[in-house]
Every structure is written in structure tokens, then in C-alpha cells.
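Remarks on the structure that follows.
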Amino acid sequence: MAAQTFQPIAPRPAPIKTEGLVPWIRANLFGNWQTSVGTIVLGGFLLWILPQLFSWALLRAEWRPDPNACRLDGVGACWGVVAEKYRLILFGRYPFEEQWRPLVATALMLFLILGSCTRAFWKPWLVLLWPVVLAVYFVIMYGGVAGLSRVDTDRWGGLPLTILLASLSMAMAFPIALVVALGKRSNMPAIRSACTVYVELIRGVPLISVLFMASFMFPLFMPQGFTIDVLIRVLVGITLFAAAYMAEVIRGGLQAIPKGQVEAAATLGLSYWQTQGKIVLPQALAMVVPGIMNGFISTFKDTSLVTIVSLYELTGAMGLALNSDGDWRPFKIEGYLFIASIYFIFCFSMSRYSMWIEKQVNKSKLR
121 MAAQTFQPIA PRPAPIKTEG LVPWIRANLF GNWQTSVGTI VLGGFLLWIL PQLFSWALLR
181 AEWRPDPNAC RLDGVGACWG VVAEKYRLIL FGRYPFEEQW RPLVATALML FLILGSCTRA
241 FWKPWLVLLW PVVLAVYFVI MYGGVAGLSR VDTDRWGGLP LTILLASLSM AMAFPIALVV
301 ALGKRSNMPA IRSACTVYVE LIRGVPLISV LFMASFMFPL FMPQGFTIDV LIRVLVGITL
361 FAAAYMAEVI RGGLQAIPKG QVEAAATLGL SYWQTQGKIV LPQALAMVVP GIMNGFISTF
421 KDTSLVTIVS LYELTGAMGL ALNSDGDWRP FKIEGYLFIA SIYFIFCFSM SRYSMWIEKQ
481 VNKSKLR
């Protein structure tokens, strides 16, 4: 019998690394020839435009609040307009010497919102803290007590007004949207029809029309001598508008729940509200977190439309600050970039928080 000799197998190449920066670039930017061409074209454009933007925004920028210096040849961005007008942009027509009040009130509101978004503060006392902070907010802003001068709501503006309208409208729109979404799936024809009419009526008109009706048309139906503050009317209009859109998002999540789960709950003897609260709503809301957060972000940006009813929030205050001063009027681009950065910070933060919420609610699916 012939002796058998050992024949080693030729070494195989090492597996391609699939994690890290280089593999990501290879897979996403140079995966095929079409992607490679697009990457090269876009990369070349960015290499051409970014140095110019960097030079305009930083290297050749004028930071001093001097409009004459901003008009010199070769000067880039005039950030001096922000240094000169930032208080009017941030606080609107609020009395200059009293602007510490909206600063303190806005800080309190932001701390409350951040605390509400932090798991460590999800305690029963947080629910009670909201009306307390809101009461303090309005006392500081409106005044008339504790030696504070009275400032009517039509003089509120800038960032404090934007945060107030956005946060309150979101907080009030969510429970309304939840009830309307459940109502549209109700077996009672009257409730289902009423919810459907509300959603279709609100979604059939732009927000500007709703604000116009709330500000100018609604007072015409009030009794003689009875008026409601314009800020409250606008807040109600934004809330109802946001709730109609959010209701459809939640209804989509409710429809995605298999019917068998509801039937199983009925078999166990659970009531309608027990079924919704313990089985249907937790799953439905987890499915539509991106849609709900998209509605929140849209509502935050839509607050810029209240300028039409003479409430000068962040965007309106910026226009008021520059249009009233001919020396700074040519530098609107820098002013809009300033408020755009503020909007981006808030919207990007909400987007990242939405991603964190998605990870939390989807942990059970990863087990």
C-alpha cells in the first residue's frame, strides 16, 4: 500500500473587514461605478465651495457692530449685525430694561423640558411641576405682581414666544390627538363622524388660515365686550392644527396592531380602556415615534407663521430688528443664518431624542 503524504491546503485570503471608516466609505461611497461617479462629482463641488464659504463666514468676516466696516470691499459676512441686534432678535419688543425676565422665564421652561425628556426625572411629581413652572413663567413674563411692571402679551416675542407656543401646543395636542385617533376607530357612528369631520376640516386648510380665523374672525362671534387674549387664541389654533395631523399618525399605528390581540384581550375579560391602555396603545405609539416627532418638529417651525397676527416670534423679531434700521437692512442673510442655527439646534436635538426613544421602545424586539 502506497504511503500517503500530507498535502496542506493553500492559505485563504483574510476576510474583508466590514466595520470601521474605510469599509463604510467603500460600501457607501464607492460601492459601484454610479455611486463612485456621484461621490467624485459631489466631492469636487464641496472642495470648491467649502473653502469659499469658510473664507466668507470666518476669515473675511466682520465681527464689530459697525455697518460702515461691513460695507468695505473684501469684507465677508457681517456678524456685527448679530452683535448689535441680538437682544431685539431674541426678545422681540419686550421692554429693553426688563429683558432679564424673558431670559429667566425661558431658562425655566427649557430646564422643565429637558427634565421631562430625562428618564431619571420621570416621577409623579414631574406632572405637578408643569403647572407650577408655567404659572411662574406667566407671572415673570406678564408681571403686575411682586413689583414687576406689566407687559402685555402683544409685546412678547423672540425665542421665549417660540418656545412657549411650541412646547404648550405640543403638550396639549398629543392627548387631543390620542382621543381623536381612538374616536375615528370607534364603533359609535356619532363619535367616529365627529372626529372625522374635525380631522378633515383642519387638514383641509393651511395653518395661516387657522391663525387668521383664530385672531381676526373668532372675536366677531364673541359677546359684546368679551375678548380673549390673542396669544391664547393663537395657541389654541396651533394646538388644534397639530392635533389633527398627529391623530392620523396615531391612527396609523392603531391600525397596525393585529386584530387577534384585541380579541385575545376580550377573551381575558379586559374592558375597552384596559385593552387600549395595556395592549394596543403601548405598541401603536412605539411604532409611530418617528411620525409623532416629525409632527413636533413641524409644529416648532410652524410657530414662525404667527407673525401674520402681529406676534413677533423669533423670525418675526429678526425682521422687525432689521427692517426698522436702514443701516443694518442689507445684512439680512447673516441675521437669517443666526436664527436658522437656533432652529437647527432645537430640531436636531428633537430628532436625536426621537432616535433614543425608538431604541428604548424597541429593546424588547432585540432580545
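Take the sequence shown: its position 38, counting from 1, is numbered 158 in our numbering, and each next residue is one higher.
All residues carry an ideal CB built from backbone N, CA and C; glycine is no exception.
Note that the structure is predicted; figures quoted are calculated from it, not measured.
Query raised in the report: How would you call Ser175, buried or exposed, if buried means at least 16 neighbouring beta carbons within 10 angstroms?
Result: Locating residue 175 in the sequence shown gives position 55, counting from the first residue. So Ser175 counts as exposed.
Requested in this report: Go through the segment 223-274 residue by residue and report every complete run of the beta strand (DSSP E) that reaches 3 residues or more, in order.
Outcome: none
Query - Close-in-space but distant-in-sequence residues of the same chain around Arg312 (CB under 7 Å, 5 per side omitted) - result: Translated into the one-based positions of the sequence shown, residue 312 becomes position 192. If you ignore the 5 residues before and after Arg312, its C-beta comes within less than 7 Å of the C-beta of Gly303, Lys304, Ser306, all in its own chain and listed in chain order.
Query raised in the report: Is Leu424 near Leu434, with beta carbons less than 9 Å apart?
Result: Translated into the one-based positions of the sequence shown, residue 424 becomes position 304. Translated into the one-based positions of the sequence shown, residue 434 becomes position 314. This sequence places Ser at residue 424; Leu is not what is there. Cβ atoms of Ser424 and Leu434: closer than 9 Å.
**Report entry** Neighbourhood of Trp448 by C-beta distance below 7 Å, restricted to the same chain and skipping five residues each side
**Finding:** Counted from its first residue, the sequence shown places residue 448 at position 328. Pro187, Val201, Glu204, Lys205, Leu442.
Report task. Label Pro222 either buried or exposed according to how many other C-beta atoms from any shown protein chain fall within 10 Å of its C-beta, with 16 as the threshold for buried. Result -> What you label residue 222 is simply residue 102 of the sequence shown in a count that begins at 1. Result: buried.
Query - Start-to-end residues for the alpha helix (DSSP H) that takes in Asp422 - result: To locate residue 422, count along the sequence shown from 1; it is residue 302. Counting along the chain, the alpha helix (DSSP H) containing Asp422 begins and ends at 409-422.
Query raised in the report: Can you check whether the CB of Ser329 is closer than 9 Å to the CB of Ile350?
Result: To locate residue 350, count along the sequence shown from 1; it is residue 230. To locate residue 329, count along the sequence shown from 1; it is residue 209. Going by the sequence as given, residue 350 is Val instead of Ile. Note that the C-beta distance between Val350 and Ser329 is not below 9 Å.
Report task. In angstroms with no decimal places, state the Cα-to-Cα distance between Gln381 and Gln396. Result -> Walking along the sequence shown from the start, residue 381 turns up at place 261. Walking along the sequence shown from the start, residue 396 turns up at place 276. Distance between the alpha carbons of Gln381 and Gln396: 11 Å.
Query raised in the report: Short check: CB of Ala406 to CB of Ile296, under 9 Å?
Result: Position 286 of the sequence shown, counted from the first residue, corresponds to residue 406. Position 176 of the sequence shown, counted from the first residue, corresponds to residue 296. No.
Requested in this report: Please confirm if the segment 382-390 is in contact with the segment 414-431, defined as three or more CB-CB distances below 8 Å between the two stretches.
Outcome: no
Query raised in the report: Should Ile465 be labelled buried (16 or more other beta-carbon atoms within 10 Å of its own) or exposed?
Result: Working through the sequence shown from its first residue, we reach residue 465 at position 345. Classification of Ile465: exposed, given that the 10 Å Cβ count is below 16.
Query raised in the report: Contact check, Cys467 vs Ile417 under 8 Å by CB: the rounded distance?
Result: Within the sequence shown, residue 467 is the residue found at index 347, counting from 1. Within the sequence shown, residue 417 is the residue found at index 297, counting from 1. Contact flag correct, Cβ pair sits at about 5 Å.
Query - Cβ-based neighbour list, Val356, same chain, cut-off 8 Å, excluding 5 preceding and 5 following - result: Along the sequence shown, one-based indexing puts residue 356 at 236. These residues qualify, in order along the chain: Ala334.
**Report entry** Classification of Arg132 by the beta-carbon crowding that lies within 10 angstroms, buried from 16 upward
**Finding:** For this step, residue 132 is matched to residue 12 along the sequence shown. Its Cβ having fewer than 16 others within 10 Å, Arg132 is exposed.
Requested in this report: To the nearest angstrom, report how far apart Leu321 and Asn414 are at their CA atoms.
Outcome: The sequence position of residue 321 within the sequence shown is 201, counting from 1. The sequence position of residue 414 within the sequence shown is 294, counting from 1. Approximately 21 Å between the Cα atoms of the pair.
Report task. Find the nearest neighbour of Trp276 within the set Pro128, Ser289, Tyr262, Leu288, judged by alpha-carbon distance. Result -> Against the sequence shown, residue 276 aligns to sequence position 156. The residue with the shortest Cα to Cα distance from Trp276 is Tyr262.
Query - Supposed close pair Phe211, Gly278 - CB separation, criterion 8 Å - result: On the sequence shown, position 91 is the one that residue 211 refers to. On the sequence shown, position 158 is the one that residue 278 refers to. Phe211 to Gly278, Cβ: 4 Å. Contact.
Query raised in the report: In whole angstroms, what is the alpha-carbon distance linking Val161 and Trp199?
Result: For the purposes of this step, residue 161 is taken as the residue at position 41 of the sequence shown. For the purposes of this step, residue 199 is taken as the residue at position 79 of the sequence shown. Inter-residue distance for Val161 and Trp199 is about 32 Å (C-alpha atoms, whole angstroms).
Query - Straight-line Cα distance separating Val354 from Leu288 - result: Counting from 1 along the sequence shown, the entry for residue 288 is found at position 168. Counting from 1 along the sequence shown, the entry for residue 354 is found at position 234. Roughly 11 Å between the two C-alpha positions.
Requested in this report: Consult DSSP for Glu139 and reduce its assignment to one of helix, strand or coil.
Outcome: The residue labelled residue 139 in the question sits at position 19 within the sequence shown. Glu139: coil per DSSP, three-state reduction.
Report task. Might you give, ordered along the chain, the residues of its own chain that have their beta carbon closer than 7 Å to the beta carbon of Val409, omitting 5 neighbours on each side? Result -> For this step, residue 409 is matched to residue 289 along the sequence shown. Excluding sequence neighbours, Val409 sits near Ser474, Ile477, Glu478, Val481.
Report task. Starting from Ile322, trace the alpha helix (DSSP H) both ways and give me its first and last residue. Result -> Indexing the sequence shown from 1 puts residue 322 at position 202. Per DSSP, Ile322 belongs to the alpha helix (DSSP H) from 309-323.
Query raised in the report: Does at least one heavy atom of the ligand GDP sit under 8 Å from the Cβ of Gly357?
Result: Because no ligand of any kind appears in the structure shown, any question about the ligand GDP cannot be addressed here.
Query raised in the report: CA-CA distance, Ile233 and Thr316?
Result: Along the sequence shown, one-based indexing puts residue 233 at 113. Along the sequence shown, one-based indexing puts residue 316 at 196. Distance between the alpha carbons of Ile233 and Thr316: 32 Å.
Query - Counterpart residues of Tyr278 in DSSP-defined beta bridges - result: Position 158 of the sequence shown, counted from the start, is the residue given in the question as residue 278. Here residue 278 turns out to be Gly, not Tyr, going by the sequence shown. The partner list for Gly278 (beta bridge, DSSP) reads Glu433.
Query - Host alpha helix (DSSP H) of Glu489 (start-end) - result: The requested residue 489 is not part of the displayed model; the chain covers only 121 to 487.
Requested in this report: Could you check how far apart the C-beta atoms of Arg180 and Val195 are, in whole angstroms? I think they sit under 8 Å.
Outcome: For this step, residue 180 is matched to residue 60 along the sequence shown. For this step, residue 195 is matched to residue 75 along the sequence shown. Their Cβ separation, rounded to whole angstroms, is 6 Å, which keeps Arg180 and Val195 in contact under 8 Å.
Query raised in the report: Between the Cα of Lys483 and the Cα atoms of Val325, Gln403, Lys452, Pro343, which residue gives the shortest distance?
Result: Along the sequence shown, one-based indexing puts residue 483 at 363. That would be Gln403, whose Cα lies nearest to the Cα of Lys483.
Query raised in the report: Assuming Val319 and Val300 make a contact with CB atoms under 8 Å, what is their CB distance in whole Å?
Result: Within the sequence shown, numbered from 1, the residue matching residue 319 stands at position 199. Within the sequence shown, numbered from 1, the residue matching residue 300 stands at position 180. Val319 to Val300, Cβ: 6 Å. Contact.
Query - Close-in-space but distant-in-sequence residues of the same chain around Ile459 (CB under 8 Å, 5 per side omitted) - result: For the purposes of this step, residue 459 is taken as residue 339 along the sequence shown, with counting starting at 1. Same-chain partners within the cutoff: Ile209, Leu434, Thr435, Met438.
Query - Alpha-carbon to alpha-carbon, Phe341 and Met290 - result: One-based indexing of the sequence shown puts residue 290 at position 170. One-based indexing of the sequence shown puts residue 341 at position 221. Using only the alpha carbons, I get a separation of about 27 Å.
Query - C-beta contact flag for Pro215 and Val271 at 9 Å - result: On the sequence shown, residue 215 is found 95 positions in, with the first residue counted as 1. On the sequence shown, residue 271 is found 151 positions in, with the first residue counted as 1. Against a cut-off of 9 Å, the Cβ pair of Val271 and Pro215 comes out as a contact.
Query raised in the report: Can you give the beta carbon distance from Ala286 to Phe420, rounded, assuming they're within the 8 Å contact cut?
Result: Your numbering for residue 286 matches position 166 in the sequence shown. Your numbering for residue 420 matches position 300 in the sequence shown. With 8 Å as the limit, Ala286 and Phe420 qualify as a contact, their Cβ atoms being about 4 Å apart.
Query - For Glu182: DSSP bridge partner residues - result: Numbered from its first residue, the sequence shown carries residue 182 at position 62. Cys198.
Query raised in the report: In whole angstroms, what separates the C-alpha of Gln219 from that of Thr226?
Result: Residue 219 sits at position 99 when you count from the first residue of the sequence shown. Residue 226 sits at position 106 when you count from the first residue of the sequence shown. In a straight line, the C-alpha of Gln219 is about 11 Å away from that of Thr226.
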